[in-house]
Structure formats: C-alpha cells, structure tokens
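Taking the working numbering, the leading residue of the sequence shown gets -14, the next gets one more, and so forth.
Built from N, CA and C at the ideal position, the CB exists for glycine as well.
Read through the structure below, which is laid out as structure tokens, and then see the notes.
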Amino acid sequence: MQSLLRLAFPPQCIGCGDLVEEEFSLCGTCWRQTPFITGLICDACGVPLPGEATAAPEHCDDCLSIARPWQRGRAALIYRDNGRRLVLALKHGDRLDLIRPMARWLTAVARPLLAPETVLVPVPVHYLRLVRRRYNQAAVLAQEIGRRSGNVTIPDLLVRTRRTKPQDGMSRGDRFANQSGAIAPGRSAAARLAGRPVMLVDDVMTSGATLAAAAEAAHAAGASQICVAVLARVAKDA
Ligand SMILES: [Zn+2]
Ligand SMILES: [Zn+2]
C-alpha cells in the first residue's frame, strides 16, 4: 500500500517541490540554502554566536541588555533566505505539511531543555486572527513537538487579552509596549499547570517582546521554570 502510494504521489521537497527520497523533507539544494543554527549559540535565545562552544553558557548582546523573563531558549533556523520563506509559508500559506519537518528540527534543538514534566505552551494568537488564519501555527508546532518528545501540551494555557498592532517596522521599545500585558493565563491555568515547568513555543522571535509577555503570563500561572523554543530567530547581522 505504502509503495503504491509512493508511485502515485512521489515525495516532494517541502521547499521547491522537486522529487525527494523521503516524505516531508528538503532536497539537497534547499537543505544547503536553509540556515540551520549550529555551533555556539546564545543560551537564552538560540541565536548563533561567533567563536567556539565552551562549557559555560554564553549570551548574545540582546539577552545581556534586556532582562529575559525566561531561563533558556533555542531556535532551529535563522530567519532569512529559506528559513524565512518556510516560516512565511507556514504562517500565511496554509502549508500544514511543513509542521512535521519543522517540529522535527525544533524538537532536535529543544530536547536538551525539556524535562519529562515540562508542559509545552504555544504563544497564543487573538481569536480574530485565528478566524482569519484558521490555525495558530505555534499551537500546531507545540502539539507536534509534544507528540515527538512525549511532553504534555496545553494549547490554551495562555490567552490574548487584546489585539496588538502588527509589529513590522516597529522599534524594539514599541514592540515591548505593544505586547505588554496583552497575554494572560487562560481559564483555570494555574490549576491545570500545577506548578510545572513551561516551554513556550512560537514560530519567530525578533525582539522577544511577544515571548516576554507570554513568559510573564506563564509566571502568573505558576510556572516553576520557563524556557522558549522558536522555529526561527531573527539575527541582526545574519
Ligand atoms: Zn527543494
Ligand atoms: Zn540571546
């Protein structure tokens, strides 16, 4: 049955549509053009850093200058070239077939931060945005990571209390003001979380303002520890 299906629907590259060996994967060319993050990284946001990895955790200039309301963070891709194209396809293009490979990449980098009791929590979107887009890409990502890692996902632990303005072109200060207090614990969040550690999941991190608002809400819900996992991190000089 599986081989008949493969004859009728040969696996295609998720980037360009060329035929590939394995389902839900990138062809060699797209793989080389996708900026996966490797080597030395910032322990709080996952951005790549120059130099060699050492035993002690390192931090980027952003994470040294902005107090992050979470402990550690990881990112799978740099948000440029194919990294950017894939994230935008997931966000605006109804490409749910991208979830499996993306969750595979993100689980690989985030696994060291996961304890067995860690709860996966997506950064929420406002319900009006949800109506337009039909799904919250952070929630489907979180659920697929949980399926792979065996961690519990609580998709509605956090909620948006108000709509925020689109942040394209906003300064860092404006982004933080825009997101401040926009996310809160959902109904009986504290009881459902029961003081367990939280891993916040989102598609992109730029300034970290949205993740900071989500982390404050997770603290308010009683999270014992907070880490973040994003598919793509915007890197200033990347
Ligand atoms: Zn390709
Ligand atoms: Zn950082």
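Check the Cα spacing between P109 and each of D79, R17, L143 and W55: the tightest is with L143. As DSSP reads the structure, E43 sits in a beta bridge with C27. Between ligand 2 and D66, a heavy atom-to-CB distance of less than 6 Å is absent.
Ranking G158, D28, W90 and C1 by CA distance to the CA of F21 puts W90 first. Burial state of G13 is exposed, judged by a 10 Å Cβ sphere holding fewer than 16 other Cβ atoms.
Scanning its chain for C-beta atoms nearer than 6 Å, with the 5 sequence neighbours on each side dropped, one finds around V183 the residues V104, V106, A203, A208 and I211, in chain order.
About 11 Å separates the CB atoms of A88 and D188; that is not less than 8 Å, and the two are not in contact. In this structure, DSSP gives Q(-3) an extended state, which the three-state scheme calls strand. In this structure, A29 sits near R53, with a CB-CB distance shorter than 7 Å. The beta carbons of A95 and A214 sit closer together than 7 Å.
Along the length of the segment 91 to 121, whole beta strand (DSSP E) runs at least 3 residues long occupy 104 to 107, reported in chain order. Rounded to whole angstroms, the Cβ separation of V125 and I84 is 5 Å, and the two are in contact under 8 Å. A direct Cα-Cα distance of roughly 10 Å separates F(-6) from L4. V189 has its Cβ no nearer than 6 Å to any heavy atom of ligand 2. Leaving aside the five residues that flank A127 on each side, the residues in its chain whose CB is nearer than 6 Å to its CB run, in chain order, L105, P107, T138 and V186.
Taking R218 as the centre and dropping the five residues before and after it, the same chain places the C-beta of I22, C30, G31, V32, A60, L62, I63, Y64, V189 and M190 closer than 8 Å to its C-beta, in chain order.
By the criterion of a C-beta distance shorter than 6 Å, E102 is surrounded in its chain by R181, once the five residues flanking it on both sides are discounted. In terms of CA proximity to E129, L81 leads the group L81, R147, A194 and L98. Around the beta carbon of A206, 16 or more other beta carbons lie within 10 angstroms, which makes this residue buried.
Cβ contact annotation for S134 (same chain, cutoff 7 Å, sequence separation greater than five): T92, R96 and L99, in chain order. Around the beta carbon of E201, 16 or more other beta carbons lie within 10 angstroms, which makes this residue buried. Counting only residues of its own chain and dropping the five nearest sequence neighbours on each side, S192 has a CB closer than 6 Å to the CB of R157 and R160. Per the C-alpha coordinates, the member of A174, I26, L25 and C1 positioned closest to Q18 is C1.
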